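Asker:
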Amino acid sequence: MKTEFTETQLKDPAIARSNEILRACVHCGFCTATCPTYQVLGDELDSPRGRIYLIKDMLENDRQPDEKTVKHIDRCLSCLACMTTCPSGVHYMHLVDHAREYIEERYQRPLYERALRWTLAQILPYPTRFRLALLGAKLGRPFAFLMPDARLKAMLEMAPKRIPPVSRNDDPQTFPAQGERRKRVALMTGCAQKALNTDINDATIRLLTRLGCEVVVAEGAGCCGALTHHMGKTKDSHATAAKNIRAWAKEMDGDGLDAIVINTSGCGTTVKDYGHMFRQEALAKDAARVSGIAMDVSELLMTLDLPEGADKGLNVAYHAACSLQHGQKIKTYPKDLLKRAGFTVSEPADSHLCCGSAGTYNLMQPAISKQLKDRKVRTLEARNPDIIAAGNIGCMMQIGTGTEVPVVHTVELLDWATGGPTPPALNESGTPVPNLRGTP
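Heads up, the sequence shown is in this note's numbering, so the first residue is 886 and it goes up one at a time.
Here you go:
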């Protein structure tokens, strides 16, 4: 794609990066075939190619974002299926992130929308605040039908039936390896996950220590910054990301780390991009170091000789989170691990398509999100699974609101298969659960 940025514009590192990305695009349109919003809405401007045209025009002409441009950028899920499909290697993620930051700085949204986005940014990344908000939402859910705005209704419906108690495993501490220590790793405990589902981190710690890892929950680490980053709130996202960088760099410089383990794939995609996000800042070197050893939990487990288990007689429908398969290019590891542990693994049709969760997308674009959720649930249930597994808390919550099939994290099943307790979601589902404790 031909661009006409001025030399002055190109002195801005963000513009220079976007220029590189735009020039890589050859207008082929392959991205439209795998774009969920284009499939749902059928509008060229709701495809990656269409959004690229809008972003190019906005940035190149240094113009104020208009309502039309903002609408179509807001409708993007950032699922990154387009990046998997693109034959030219267009890094759409960096381009749309830049566009969102540009819009946030220059576009005056309606007061109600500004207030809504501010509220989400002030609640979701903070586990205690989020937990209190979930309690309020749980009380208000019976009255959701009275909400005049679909987004408020979606927020009330988001509250899980059960809000778990705080897990003290998420506090800063070190969990020793069982037997000989093979690796020393830091576990990112996250933010929303600590309020929505504490079982995931608990299972991760049990599994990793059982496999010979010393697991560190670093002092000062918390939210990865993804939620605010994708809202264009760069100052907020960088502030929380910087805390993680400092906390993990301190561990790296102390007793050392072999990996930073992340069990929420949306967070993993962002942490692995810290090197780019902080490339012009004082923390650039440490940010690059952190990104360099960040790993999804499935990546680490592939190096730890997970015990091979007998056939469990359970069909697990595996949902591939977009941030894992498209953002991190991890497609086979979770399935390989589940099969090794003894589960039968099936995949839904169109497994490359988003479930509609996408961070705050299901709250800000509930109508589109619901269409994507309904389609995803139909394709998963078509496999007649006993369990649905995923590697991202957002996907788990989204899919769980549309099905009676229990939805659990991949690591919970692997922990269960290697001697851990039955995942609580299976006990609560009413589905007959075999006793796997002690299975080799």
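For glycine and all other residues, C-beta sits at the position ideal for the given N, C-alpha and C. Because the structure is a prediction, the values reported are computed rather than measured.
Just curious, the alpha helix (DSSP H) that Y923 is in, first and last residue?
Answerer: P921 to L926
Asker: Quick check: R1174 and A1111, are their CB atoms within less than 8 Å of each other?
Answerer: no
Asker: Please tell me whether R960 and D931 are closer than 8 Å, where the distance is taken between their beta carbons.
Answerer: With contacts defined as CB atoms closer than 8 Å, R960 and D931 qualify as a contacting pair.
Asker: In chain order, what residues of the same chain lie with their CB nearer than 6 Å to the CB of W977, ignoring the 5 residues before and after it?
Answerer: The question names Trp, but residue 977 in the sequence shown is Tyr. If we look at Y977 and ignore the five residues flanking it on each side, its Cβ neighbours are P933, C967 and M968.
Asker: What is the residue span of the beta strand (DSSP E) that Q1058 lies within?
Answerer: From DSSP, the beta strand (DSSP E) with Q1058 extends over Q1058 to F1060.
Asker: Taking the CB atoms as reference points, tell me whether T1288 and I1273 lie closer together than 8 Å.
Answerer: Judged by beta-carbon spacing, I1273 lies within the 8 Å limit of T1288, meaning their Cβ atoms are closer than that value.
Asker: Just reading off the beta strand (DSSP E) that E1099 is part of, what are its end residues?
Answerer: C1098 to V1102
Asker: Does the stretch 971-987 come within contact of the stretch 950-959, defined as at least 3 CB pairs closer than 8 Å?
Answerer: yes
Asker: Hey, how far is the Cα of Y1011 from the Cα of K1079?
Answerer: Those two C-alpha atoms are separated by around 9 Å.
Asker: In the stretch 1213-1281, which residue ranges form an unbroken alpha helix (DSSP H) of at least 4 residues, counting only runs that do not cross its ends?
Answerer: 1218-1226, 1246-1249 and 1251-1266
Asker: Since I900 sits in a beta bridge, which residues does DSSP pair it with?
Answerer: In DSSP, I900 forms no bridge with anything.
Asker: In this structure, how does DSSP classify Y992 when only helix, strand and coil are distinguished?
Answerer: coil
Asker: How many whole angstroms separate the CB atoms of P906 and V955, which I take to be in contact at a CB cut-off of 8 Å?
Answerer: This sequence places Ile at residue 906; Pro is not what is there. That pair is no contact at about 20 Å.
Asker: So A1167 is in the alpha helix (DSSP H); what residue range does that whole segment cover?
Answerer: From DSSP, A1167 is part of no alpha helix (DSSP H); its letter is neither H nor E.
Asker: Closest by CA to G1107, which one among M1249, I1147, H1115 and Y1203?
Answerer: I1147
Asker: Would L1248 and M1040 qualify as a contact pair, given that the criterion is a beta-carbon distance under 8 Å?
Answerer: Against a cut-off of 8 Å, the Cβ pair of M1040 and L1248 comes out as a contact.
Asker: Within the continuous alpha helix (DSSP H) that includes D1181, where are the two ends?
Answerer: First-last for D1181: A1179 to D1181, but that is the beta strand (DSSP E), not the alpha helix (DSSP H).
Asker: Verify whether the separation of the beta carbon atoms of V1292 and M1281 is less than 8 Å.
Answerer: yes
Asker: Compare the beta carbon distance of L1001 and R1026 with 8 Å and say whether it is the shorter of the two.
Answerer: no
Asker: Exposed or buried, S973, counting other C-beta atoms within 10 Å across all chains shown (16 or more means buried)?
Answerer: exposed
Asker: When you compare only the Cα positions, how much space is there between K1197 and T1303?
Answerer: 12 Å
Asker: Starting from the C-beta of F1028, find all residues in its chain whose C-beta is less than 8 Å away, skip the five residues before and the five after it, and write them out in chain order.
Answerer: L1041
Asker: DSSP beta-bridge partners for R1174?
Answerer: The partner list for R1174 (beta bridge, DSSP) is empty, contrary to what the question assumes.
Asker: If I follow the unbroken alpha helix (DSSP H) through I958, where does it start and stop?
Answerer: E952 to D959
Asker: Quick check: Q1256 and V925, are their CB atoms within less than 8 Å of each other?
Answerer: yes
Asker: Pop quiz: S963 and A1243 are said to be a contact at Cβ under 8 Å. What is the actual Cβ separation, rounded to whole angstroms?
Answerer: 6 Å
Asker: Counting Cβ pairs, one atom from each stretch, are 3 or more of them under 8 Å apart for the stretch 1179-1199 and the stretch 1138-1146?
Answerer: yes
Asker: Given a cut-off of 8 Å, decide if L980 and I937 are closer than it, judged by their beta-carbon atoms.
Answerer: yes
Asker: Note down the Cα distance separating E892 from A901, rounded to an integer number of angstroms.
Answerer: 10 Å
Asker: Determine the extent of the beta strand (DSSP E) in which R1131 is found, giving its start and end residues.
Answerer: Premise fails: R1131 lies in the alpha helix (DSSP H), T1119 to D1138, not in any beta strand (DSSP E).
Asker: If I follow the unbroken beta strand (DSSP E) through V1293, where does it start and stop?
Answerer: V1292 to H1294
Asker: Between which residues of its own chain and C971 is the CB-CB distance below 7 Å, once the five residues before and five after are set aside?
Answerer: F915 and C916
Asker: Please report how far the alpha carbon of S1183 lies from the alpha carbon of P1219, in whole angstroms.
Answerer: 6 Å
Asker: Which residues bound the beta strand (DSSP E) around K1335?
Answerer: No information on residue 1335 is available, as it lies outside the stretch 886 to 1325 that the chain covers here.
Asker: For D1259, count neighbouring Cβ atoms within 10 angstroms of its own Cβ and tell me buried if that reaches 16, exposed if not.
Answerer: exposed
Asker: How about N1086 and D1055: are their beta carbons less than 8 Å apart?
Answerer: yes
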